[in-house]
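Protein chains in written order, with this note's numbering: chain P, 921 to 1351; chain L, 10 to 284.
A short write-up of the structure that comes next.
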């Protein structure tokens, strides 16, 4: 049985094609069921996110599995084969295992280390599992991949640090204020980043969000999006007086918030920290504002530097994460080989045991005269001899370095001991 | 007797440091467990000494230090367990370990003095030790606040940024510790004055009691310390001295408290020489 993977990802296909091949908008389990019921394939998991659509299957014949999957994709999405064929990538066995582990670890993501992917992999597996579309091949490799994802997250800093300007701003706010519940936010000037930041802050449970803009319609628009309150432009100074977090993003050519103005506005609440995020270029906030004791002033460049630092810190962790993935792939493959050696080992043991029993039986006449303790001793000694003889071969068979060697050894053992039994059913428990 | 707690504290200190550097939560839990064991054994030691002399072991310098360490450890554990914030451990454990060395290296014998045999005296010493323990926590919180503040203000988000709790939490914890400490310091000083007046009636010729005045460095620095913390409490509420200024004040205050508790006690005091 082979593990086979066919799919498209952000590395191989442009976004419009990925959108057309997206499974997640429709019933995932139906798709998995349809694949698994095709003749060449016994198991199927469909992993579909905005950056990838990947079909993992168990098959006896990868070549025909590929053909069937291609025609399935074409039928399912009503896309002609030549449109997507050049963008497909296909992987088998250990390469497919390595790919899945890298995906689960967040190494294959567009933003390396992003946290959602592991949950998406788990969900894809669960969906197939509830539809009974997974068997020993996929369930083992997927469940192993969850462990890999977790290990990479705990042992490396791959997912640490905000990697977008808006998240970096929120992370900073949390370092200043702790929990953001009930904090008052003032947004001056509506723009894309200020809108995103305000939405992230809203998700963190901030209190009132007051929005003001020279064009009042813009303020109202943003207020509707983030659930805030739009106030007229001349109400800005007033709003600043009770703000904890200020986001500025106007197109003004000159600073709109000066030190004296802010000190006057904040006068009665000395001592409370104020976090100002100045996203505008040119800057909206006079740099002198940052000199006020309890004011933390960050402009767009400062935030970009943080993002860059976090990205390079993540990049520095990639190597460690990759080596964890490699380590896990090796372990998984070795574990699989040791499992596939099990039938041979079992047959070998049965053979030895039957020889021992038949020899004991043959001597029954002579042994019958012995007292029961002595007979028990004979039984014990012969059993131990068999155990000891088998110990080393068993270990060796389980620890063979690759599949070819394993096939050769299995064949040799089968011939040498005339083992009848070849493919016993695979046990399902992990050691 | 004080050695076993010291060893456990030292082990906890190492674990806190590893936890801080590697941010490994398993090591962090181990650190807390070690510190809890240390505090438990220390409680036993203090309990034994209390049974031996029939009051808390304060009337000897090294035993008073040991009691102080014990109170500090308990206060810190309270802080850690109520906030679920372990990163302070690496800052407070050096204080605990360093001070616990004193009773281990110079074990002393309790002096039985009839003058000290008054409930006022014991209330006086225990309030002050508890006040110092609170100030020690506040001082450490203040130092960490300043480290964190500097990184965020200067936009160099580095080593401490990723490890310390938020400024707001540090500030709130600092404020609580200072307030609690100030209340106990005030109370302890008042009780001390009452006790002195009472004891003078019993033993008018005791040289210690005769020296009880503002001229004694110990009393002078104690009042100075009280002044610093009173200002800290007042300034936070009325002048808006929170955050970095409050953090700075609590560090300075703790420096005064420690000078008084260790150096002055040892070398220059004329009134508090009961050992």
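Every residue, glycine too, gets a C-beta built ideally from N, C-alpha and C.
Since the structure is predicted, the reported quantities are computational estimates derived from the model, not experimental observations.
In this structure, the CA atom of residue 15 of chain L is about 30 Å from the CA atom of residue 228 of chain L. Taking 9 Å as the cut-off, the Cβ atoms of residue 141 of chain L and residue 270 of chain L count as close.
DSSP, read as helix, strand or coil, puts residue 935 of chain P in helix.
Contact note: residue 1218 of chain P reaches chain L through 164, using a C-beta cutoff of 8 Å and chain order.
9 Å or more divides the Cβ of residue 937 of chain P from the Cβ of residue 1001 of chain P.
When beta bridges are read from the DSSP output, residue 1219 of chain P appears opposite P:1198.
Counting only Cβ-Cβ distances below 9 Å, residue 1094 of chain P has contacts in chain L at 175, in chain order. Legend: CB atoms of the region 249-265 of chain L lying less than 9 Å from CB atoms of chain P belong to residues 249, 250, 251, 252, 253, 254 and 255. Shown here, residue 173 of chain L sits in coil according to DSSP, grouped into three states, outside any helix or strand. Rounded to whole angstroms, the gap between the alpha carbons of residue 1099 of chain P and residue 1124 of chain P is 8 Å. Under the three-state reduction of DSSP output, residue 1057 of chain P falls in the helix class. By the neighbour-count criterion, in which a residue is buried when 16 or more other Cβ atoms sit within 10 angstroms of its Cβ, residue 177 of chain L is buried. The bridge partners DSSP lists for residue 78 of chain L come to none. Remark: C-beta atoms of residue 1111 of chain P and residue 1169 of chain P approach each other more closely than 9 Å.
Annotation for residue 1165 of chain P: no alpha helix (DSSP H) segment contains it, though the beta strand (DSSP E) segment containing it runs 1165-1168. Residue contact with chain P for residue 161 of chain L: present (Cβ-Cβ distance below 9 Å to some residue of chain P). When secondary structure is reduced to three states using DSSP, residue 972 of chain P falls in the strand class.
Using beta-carbon distances, residue 95 of chain L does not count as an interface residue toward chain P, since no partner is under 9 Å. Among the bridge pairs identified by DSSP, residue 922 of chain P is matched with P:979. Taking 9 Å as the upper bound on Cβ-Cβ separation, chain P lies near no residue of the region 212-239 of chain L. Rounded to whole angstroms, the gap between the alpha carbons of residue 1103 of chain P and residue 1164 of chain P is 6 Å. Counting along the chain, the unbroken beta strand (DSSP E) around residue 1009 of chain P starts and ends at 1009-1012.
Taking a beta-carbon distance threshold of 9 Å, residue 1213 of chain P counts as an interface residue toward chain L.
By the Cβ-count criterion, residue 245 of chain L is buried, with 16 or more other Cβ atoms from all chains shown falling within 10 Å of its own Cβ.
Distances from the alpha-carbon of residue 56 of chain L to those of L:190, L:111 and L:10 put L:10 closest. Taking 9 Å as the cut-off, the beta carbon of residue 260 of chain L is found no closer than this to the beta carbon of residue 191 of chain L.
The region 65-76 of chain L and the region 39-47 of chain L do not touch, with fewer than 3 CB-CB distances between them shorter than 8 Å. Identification of residues in the region 1022-1033 of chain P having a C-beta nearer than 8 Å to some C-beta of chain L yields an empty set. Cβ neighbours of residue 1167 of chain P within its own chain (closer than 6 Å, five residues either side excluded): 1107, 1114, 1117 and 1197. A Cβ-Cβ distance of about 52 Å is found for the pair residue 978 of chain P and residue 1105 of chain P, leaving them out of contact under the 8 Å criterion.
In the same chain as residue 268 of chain L, and ignoring 5 residues on each side of it, the C-beta atoms closer than 8 Å to its own belong to 230, in chain order. Apart from the 5 residues on each side of it in sequence, residue 1320 of chain P sits with its Cβ closer than 8 Å to the Cβ of 1257, 1261, 1326 and 1329 in its chain, given in chain order.
Look at the region 1027-1079 of chain P and you find these whole runs of alpha helix (DSSP H), each 4 residues long or longer: 1036-1050 and 1056-1075. Each residue's CA atom was taken as its position, placing residue 1054 of chain P and residue 966 of chain P some 11 Å apart.
Counting C-beta pairs closer than 8 Å gives fewer than three between the region 1011-1022 of chain P and the region 1222-1231 of chain P, which falls short of the contact rule. Beta bridge pairing from DSSP links residue 1132 of chain P with P:1108 and P:1151.
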